Amino acid sequence: MNPVDPLAGSPYSAPIMKEDYVLKGTPTTLQIQLEKEVAETLKQMVEFTRFGESEIINVAVKRFIALHSDFLPRKK
1 MNPVDPLAGS
11 PYSAPIMKED
21 YVLKGTPTTL
31 QIQLEKEVAE
41 TLKQMVEFTR
51 FGESEIINVA
61 VKRFIALHSD
71 FLPRKK
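The sequence shown maps to residues 1 to 76 in the numbering used here.
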C-alpha cells in the first residue's frame, strides 16, 4: 500500500498531491470539538499518511466550503 496514496489503483481514488496539503496562507489557531470517532479516524489518517492534523483538516474544510457555498452570505 502506498502511504502517499492509500487508495492507489482504486477506481474511486484521485492522486493525492503532497502540495495540496501544505498550508499556503497565514495560519491561525481555531479550537474545535469533534466527535470521538472522527478524532480517532483523523489520528489514524495522520499516522498512515504522515500528513499533519492541521493539513488534513485544512483540506477537508476547503473542500466543504467549495461544496457548500450556499452556507455563505450572498455577495452584493
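Glycine included, every Cβ here is placed at the ideal spot set by N, Cα and C. All figures in this text were calculated on a predicted structure; none of them were measured in a lab.
Same chain, Cβ closer than 8 Å to V46, five either side skipped, listed in chain order: Here the set comprises G52, E53 and I56.
What number of angstroms, rounded off, separates the C-alpha of A66 from the C-alpha of A60? Rounded to the nearest angstrom, the two C-alpha atoms are 10 Å apart.
Hey, how far is the Cα of A39 from the Cα of D70? Cα-Cα distance, rounded: 26 Å.
So the alpha helix (DSSP H) K62 belongs to, where does it begin and stop? Run containing K62: E53 to L67, per the alpha helix (DSSP H) assignment.
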